[in-house]
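Asks: Position one of the sequence shown corresponds to residue 217 (the numbering used here), numbered consecutively onward. Even for Gly, the Cβ is constructed at its ideal location relative to N, Cα and C. Note that the coordinates shown come from a computational prediction; the quantities given were computed from them, not determined experimentally. Got a structure here, written out as structure tokens. Questions coming.
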Amino acid sequence: MLTLLSGSSNMASTDAIKVAVPLGLGLASAAYLTIKLAVGNGFSIDKSIPMVSLRPGDTTHDKEYNEDPDAFLRRCEEEYGPVFNVYYTSKPYTVISGPLIREVFMNEDFSAIDAIEDLTGMRTFLNSMVKSNLDIDSRTVHDIVRDNISPNLPFFTPRIVKELEKNLEKQLGVCPAEEGGKLVEKPMSVLQEMVANAMANVFVGSEIAQSRKVIDTFITLAADFGALLSSGVHRTSSWRTFLKRTEINVFHPLQTHVRVLVEATTPVILERRRQEAEAIERGIEYQRPDDILQRLLDNVDKYHFVDLEDVCGHLLILVLASVHTTTDTSTNLLYYMAAYPEYLDKLYEEQQQVLDAVQQERELLRQECLRKGEPFDADTDPSHDRDLSAAAIKRMVCMDSFVREVFRSRTERLSLMHLARKSVRLSSGILISKGSNVIINMRSAHQGPDQGEDVTEFRPWRFVGKSKAATKVGVDFLPFGMGRHACPGRFLAMQELKTIGVMMVSKYSKIDVQDSTKLKKTLRSRMGEPADTGLIFTSRF
Ligand code: HEM
Numbered sequence: 217m218l219t220l221l222s223g224s225s226n227m228a229s230t231d232a233i234k235v236a237v238p239l240g241l242g243l244a245s246a247a248y249l250t251i252k253l254a255v256g257n258g259f260s261i262d263k264s265i266p267m268v269s270l271r272p273g274d275t276t277h278d279k280e281y282n283e284d285p286d287a288f289l290r291r292c293e294e295e296y297g298p299v300f301n302v303y304y305t306s307k308p309y310t311v312i313s314g315p316l317i318r319e320v321f322m323n324e325d326f327s328a329i330d331a332i333e334d335l336t337g338m339r340t341f342l343n344s345m346v347k348s349n350l351d352i353d354s355r356t357v358h359d360i361v362r363d364n365i366s367p368n369l370p371f372f373t374p375r376i377v378k379e380l381e382k383n384l385e386k387q388l389g390v391c392p393a394e395e396g397g398k399l400v401e402k403p404m405s406v407l408q409e410m411v412a413n414a415m416a417n418v419f420v421g422s423e424i425a426q427s428r429k430v431i432d433t434f435i436t437l438a439a440d441f442g443a444l445l446s447s448g449v450h451r452t453s454s455w456r457t458f459l460k461r462t463e464i465n466v467f468h469p470l471q472t473h474v475r476v477l478v479e480a481t482t483p484v485i486l487e488r489r490r491q492e493a494e495a496i497e498r499g500i501e502y503q504r505p506d507d508i509l510q511r512l513l514d515n516v517d518k519y520h521f522v523d524l525e526d527v528c529g530h531l532l533i534l535v536l537a538s539v540h541t542t543t544d545t546s547t548n549l550l551y552y553m554a555a556y557p558e559y560l561d562k563l564y565e566e567q568q569q570v571l572d573a574v575q576q577e578r579e580l581l582r583q584e585c586l587r588k589g590e591p592f593d594a595d596t597d598p599s600h601d602r603d604l605s606a607a608a609i610k611r612m613v614c615m616d617s618f619v620r621e622v623f624r625s626r627t628e629r630l631s632l633m634h635l636a637r638k639s640v641r642l643s644s645g646i647l648i649s650k651g652s653n654v655i656i657n658m659r660s661a662h663q664g665p666d667q668g669e670d671v672t673e674f675r676p677w678r679f680v681g682k683s684k685a686a687t688k689v690g691v692d693f694l695p696f697g698m699g700r701h702a703c704p705g706r707f708l709a710m711q712e713l714k715t716i717g718v719m720m721v722s723k724y725s726k727i728d729v730q731d732s733t734k735l736k737k738t739l740r741s742r743m744g745e746p747a748d749t750g751l752i753f754t755s756r757f
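Structure, rendered in structure tokens:
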């Protein structure tokens with residue numbers, strides 16, 4: 217049986233660390249975008265790869281890119297074709313565009329995790345929270361999500377909806393039109409509470425999720441992690457990097473969060489064990505709590521965990537991958553709703569139509585039950601007719617398309633770098649030599665011919681009727697990567713994002729941006745970049 221606690225408890229206060237570089241594991245590349253680095257491995261040795269010309273006075277391409285990423289990349293593609301070299305964030309990258317992108321994601325010799333590790337030393341930080349699965353290529357967290365979260369979303373959805381609703385009510389509530397609505401200067405903090413509580417409920421169960429300390433850990437972990445990471449990457453020499461990594465290895469600063477989770481989970485696990493033993497003694501079936509913590513405890517051998525600290529460390533890696541990414545994108549979704557108010561009523565109408573249809577179908581089932589003299593069950597209980605179930609949300613195709621279009625429009629144009637572990641020759645004949653870095657031209661993917669018309673415009677119904685659900689990854693949709701390493705949490709993330717969207721349009725008829733001059737910049741903000749203007753919400757009723 218799993219030992220609850222090991223003897224060691226390397227701890228250090230993270231109080232001194234105030235700098236926040238928000239981060240999710242899968243989006244470590246996004247964190248990378250927030251930091252400028254002056255070291256690199258050099259370009260591929262293939263001299264046929266063209267180098268993009270620099271503007272007079274520029275020493276890297278950063279300035280030109282940042283002024284207008286689309287215009288810069290269009291120029292590069294027109295002048296040099298699909299593969300070209302740039303200095304981006306002061307670092308040498310070979311940009312891969314169009315159909316060749318697939319060859320990067322489908323070839324295990326290109327490693328995203330190596331590229332991130334090379335830049336940030338992220339593994340040292342993650343490994344400071346866990347004791348097993350320390351290999352850089354470990355798939356454990358991926359497998360935990362794939363095996364336990366994605367297939368069980370319909371069961372988790374009612375809890376997610378309840379938490380999102382409760383916290384939206386608590387944080388925002390009624391915003392009367394006659395009072396001019398309610399200004400929220402930092403909408404992200406509203407979403408943070410909603411998402412952290414929903415995730416906590418799924419990950420550790422409702423009892424532990426009631427702990428304010430646990431919720432705070434879910435919220436601040438990404439910031440603390442980002443702070444450590446950024447202090448690790450502002451390095452000028454390998455000596456400083458070595459010192460930083462040694463410090464992490466010795467003091468384990470993220471252990472503060474592990475301790476919080478261990479302390480909160482220990483009494484609950486002991487009580488669960490007591491109840492299980494009692495059930496066995498009485499010969500009755502033990503109702504296993506349905507959360508990820510319990511599933512991990514039940515599969516200690518499968519995932520090679522060594523003790524509860526280790527289980528909690530893995531849960532926190534999951535938190536890192538999920539809470540901030542989902543909070544950030546749902547906040548951004550609200551800014552899109554503010555920017556395109558003309559679409560909100562259609563989204564509201566869609567949800568009413570779907571819920572009406574579900575209600576009618578359930579009414580037919582009820583009549584059938586009455587005819588047969590059978591009692592009502594979960595599928596027929598009238599009090600759940602208008603629940604935002606996973607099945608109901610799935611039928612809201614306009615909302616799905618809206619969210620996919622937000623991702624298509626917002627996603628950073630150069631992203632998801634990969635390091636070549638071995639030299640790779642692309643089908644075009646170009647050689648990406650071992651140790652060099654490639655980066656994906658998202659513009660070519662997200663504004664390519666597959667996207668239909670007006671590819672530079674926001675067209676929220678672009679994907680309706682096209683069998684391109686927001687979770688469907690491919691070379692035409694890369695916010696979650698693709699191939700073997702594609703984000704396994706996207707099903708949960710999308711479920712939450714769409715639920716948040718549905719709740720927002722049903723409760724609020726209008727979302728206005730506080731300072732409309734800042735709106736355009738906010739829509740294209742990078743993952744983790746705080747919006748510097750608030751939102752004004754007006755209740756629908
Ligand atoms: C809007 C929210 C999210 C975005 C934009 C996002 C994006 C990404 C991206 C771009 C990757 C890297 C894919 C690649 O290397 O090709 C990734 C990986 C990952 N994501 Fe997410 N993610 C989100 C939410 C989540 C959630 C909710 C979870 C967990 C429940 C999660 C768990 C993971 C894990 C475990 C990986 C590593 C997969 C691997 O290396 O095999 N993500 N994510």
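Report yes if the CB atom of Ala606 is closer than 8 Å to the CB atom of Pro370, and no otherwise.
Replies: Position 390 of the sequence shown, counted from the first residue, corresponds to residue 606. Position 154 of the sequence shown, counted from the first residue, corresponds to residue 370. Contact flag set, yes.
Asks: Among all the DSSP beta bridges, which residues are the ones paired with Ser755?
Replies: As a first step, residue 755 must be located in the sequence shown, where it is residue number 539. In the DSSP output, where bridge partners are listed per residue, Ser755 has Tyr724.
Asks: Do the stretch 702–721 and the stretch 555–571 touch if we need at least three Cβ pairs shorter than 8 Å?
Replies: Because the criterion of three Cβ pairs below 8 Å is met, the stretch 702–721 and the stretch 555–571 touch.
Asks: What span of residues does the beta strand (DSSP E) with Ala301 cover, start to end?
Replies: Here residue 301 corresponds to residue number 85 of the sequence shown, with the count starting at 1. The sequence given here has Asn at residue 301, not Ala. Segment 299–304, the beta strand (DSSP E) holding Asn301.
Asks: My output table needs one value for Ser348: the three-state DSSP class, helix, strand or coil.
Replies: Residue mapping note: residue 348 aligns to position 132 of the sequence shown, counting from 1. Ser348 falls in the coil class under three-state DSSP.
Asks: Looking only at its own chain, which residues have a Cβ that is under 6 Å from the Cβ of His473, when we skip the five neighbours before and after it?
Replies: What you label residue 473 is simply residue 257 of the sequence shown in a count that begins at 1. Within the same chain, His473 has close Cβ partners Thr433, Leu437, Leu532.
Asks: My understanding is that Thr356 touches Asn364, with C-beta atoms under 8 Å, so please give their C-beta distance in whole angstroms.
Replies: Here residue 356 refers to the residue found at position 140 of the sequence shown. Here residue 364 refers to the residue found at position 148 of the sequence shown. Contact doesn't hold; Cβ gap of about 12 Å is too wide.
Asks: Measuring only the C-alpha atoms, how far is Tyr552 from Thr545?
Replies: As a first step, residue 552 must be located in the sequence shown, where it is residue number 336. As a first step, residue 545 must be located in the sequence shown, where it is residue number 329. Going from the Cα of Tyr552 to the Cα of Thr545 covers about 10 Å.
Asks: For Lys650, which three-state DSSP category applies?
Replies: As a working mapping, residue 650 is identified with position 434 in the sequence shown. Lys650 falls in the coil class under three-state DSSP.
Asks: By Cβ distance below 6 Å, which residues in the same chain neighbour Ala244 in space, the five residues on each side in sequence not counted?
Replies: The residue you call residue 244 lines up with position 28 of the sequence shown. Per-residue confidence for Ala244 stands at a pLDDT of 49, beneath the threshold of 50, marking its modelled position as unreliable; the derived number appears in the next sentence. Correct list, in chain order: Ile332, Met338.
Asks: Go through the stretch 529–580 residue by residue and report every complete run of the beta strand (DSSP E) that reaches 3 residues or more, in order.
Replies: Listed in chain order, nothing qualifies, since the stretch 529–580 has no complete beta strand (DSSP E) run of 3 or more residues.
Asks: Mind checking whether the beta-carbon of Ala412 lies closer than 7 Å to any heavy atom of the ligand HEM?
Replies: For the purposes of this step, residue 412 is taken as residue 196 along the sequence shown, with counting starting at 1. Checking every heavy atom of the ligand HEM against the Cβ of Ala412, none is found closer than 7 Å.
Asks: Between the beta-carbon of Tyr519 and the beta-carbon of Ile360, is there less than 8 Å?
Replies: As a working note, residue 519 is residue 303 in the sequence shown. As a working note, residue 360 is residue 144 in the sequence shown. Cβ distance < 8 Å, so Tyr519 and Ile360 count as in contact.
Asks: Keeping to the same chain, check which residues put their C-beta closer than 6 Å to that of Phe618; ignore five residues upstream and five downstream.
Replies: Position 402 of the sequence shown, counted from the start, is the residue given in the question as residue 618. If we look at Phe618 and ignore the five residues flanking it on each side, its Cβ neighbours are Pro676.
Asks: Going straight from the alpha carbon of Met710 to that of Pro272, what length do you get?
Replies: If you number the sequence shown from 1, residue 710 lands on position 494. If you number the sequence shown from 1, residue 272 lands on position 56. Taking the straight line from one Cα to the other gives about 44 Å.
Asks: Considering just the uninterrupted stretch of the beta strand (DSSP E) at Leu635, what are its terminal residues?
Replies: Working through the sequence shown from its first residue, we reach residue 635 at position 419. That run of the beta strand (DSSP E) goes 630–636.
Asks: When we look at the beta-carbon of Met345 and count the other beta-carbons within 10 Å, is it buried (16 or more) or exposed?
Replies: Here the question's residue 345 lines up with position 129 in the sequence shown. The residue is buried, with at least 16 neighbouring Cβ atoms inside 10 Å.
Asks: Identify every run of the alpha helix (DSSP H) within the stretch 676–757, keeping only runs that are complete inside it and at least 4 residues long; order them along the chain.
Replies: As far as the stretch 676–757 is concerned, its whole alpha helix (DSSP H) runs of at least 4 residues are 706–723, 735–739.
Asks: Compute the Euclidean distance between the alpha carbons of Ala287 and Arg624, then round it to the nearest angstrom.
Replies: The sequence position of residue 287 within the sequence shown is 71, counting from 1. The sequence position of residue 624 within the sequence shown is 408, counting from 1. Cα to Cα, the separation comes out at about 17 Å.
Asks: Spell out a yes or no on whether the stretch 646–657 and the stretch 624–637 are touching, meaning 3 or more CB-CB pairs, one atom from each, closer than 8 Å.
Replies: Yes: at least three Cβ pairs fall under 8 Å.
Asks: Report the CB separation of Leu316 from Leu642 in whole angstroms; it is logged as a contact under 8 Å.
Replies: As a working note, residue 316 is residue 100 in the sequence shown. As a working note, residue 642 is residue 426 in the sequence shown. Contact flag correct, Cβ pair sits at about 6 Å.
Asks: Which term fits Thr373, buried or exposed, when burial requires 16 or more other beta carbons within 10 angstroms of its beta carbon?
Replies: What you label residue 373 is simply residue 157 of the sequence shown in a count that begins at 1. Its Cβ being crowded by 16 or more others within 10 Å, Thr373 is buried.
Asks: What's the C-alpha gap between Pro266 and Tyr304?
Replies: The count along the sequence shown starts at 1 and reaches residue 266 at position 50. The count along the sequence shown starts at 1 and reaches residue 304 at position 88. Looking at the two C-alpha atoms, the distance is approximately 15 Å.
Asks: Rounded to a whole number of angstroms, what is the C-alpha to C-alpha distance between Ala685 and His662?
Replies: As a working note, residue 685 is residue 469 in the sequence shown. As a working note, residue 662 is residue 446 in the sequence shown. Those two C-alpha atoms are separated by around 15 Å.
Asks: In the DSSP output, which residue or residues are listed as bridge partners for Tyr309?
Replies: The count along the sequence shown starts at 1 and reaches residue 309 at position 93. Looking at the DSSP assignment, Tyr309 forms a beta bridge with Val302.
Asks: According to the Cβ coordinates, are Ser755 and Cys391 closer than 8 Å?
Replies: Stepping through the sequence shown from its first residue, residue 755 is reached at position 539. Stepping through the sequence shown from its first residue, residue 391 is reached at position 175. Their beta carbons are under 8 Å apart, which means Ser755 touches Cys391 by this criterion.
Asks: In its own chain, which residues sit with a C-beta less than 7 Å from the C-beta of Val268, not counting the 5 before and 5 after it?
Replies: Taking the first residue of the sequence shown as position 1, residue 268 is located at position 52. Hits under 7 Å: His277, Cys292, Tyr296, Phe300, Asn301, Val302.
Asks: Can you confirm whether the stretch 475–485 touches the stretch 420–429 when touching is taken to mean that 3 or more C-beta pairs between the two stretches lie within less than 8 Å?
Replies: They touch, by the three-pair rule.
Asks: Would you mind sorting Arg620 into buried or exposed? The rule is 16 or more other CB atoms within 10 Å of its CB.
Replies: Here residue 620 refers to the residue found at position 404 of the sequence shown. Arg620 comes out buried.
Asks: Could you please give me the residues that DSSP links to Val411 through a beta bridge?
Replies: Along the sequence shown, read from residue 1 onward, the residue named residue 411 stands at position 195. In the DSSP output, where bridge partners are listed per residue, Val411 has none listed.
Asks: Taking a contact to mean a Cβ-Cβ separation below 8 Å, would you say Asp351 touches Ile646 in this structure?
Replies: As a working note, residue 351 is residue 135 in the sequence shown. As a working note, residue 646 is residue 430 in the sequence shown. Not in contact: Asp351 and Ile646 (Cβ atoms no closer than 8 Å).
Asks: From what residue to what residue does the beta strand (DSSP E) around Leu399 run?
Replies: The sequence position of residue 399 within the sequence shown is 183, counting from 1. Counting along the chain, the beta strand (DSSP E) containing Leu399 begins and ends at 398–400.
Asks: Shorter than 7 Å, the distance from the beta carbon of Ala661 to the closest heavy atom of the ligand HEM, or not?
Replies: Numbered from its first residue, the sequence shown carries residue 661 at position 445. No, the beta carbon of Ala661 sits no closer than 7 Å to any heavy atom of the ligand HEM.
Asks: Could you compute how far the alpha carbon of Glu283 sits from the alpha carbon of Leu581?
Replies: The sequence position of residue 283 within the sequence shown is 67, counting from 1. The sequence position of residue 581 within the sequence shown is 365, counting from 1. Going by the C-alpha atoms only, they are around 58 Å apart.
Asks: Taking 7 Å as the cut-off, is the CB of His530 close to at least one heavy atom of the ligand HEM?
Replies: Position 314 of the sequence shown holds residue 530. Result no, Cβ not under 7 Å from the ligand HEM.
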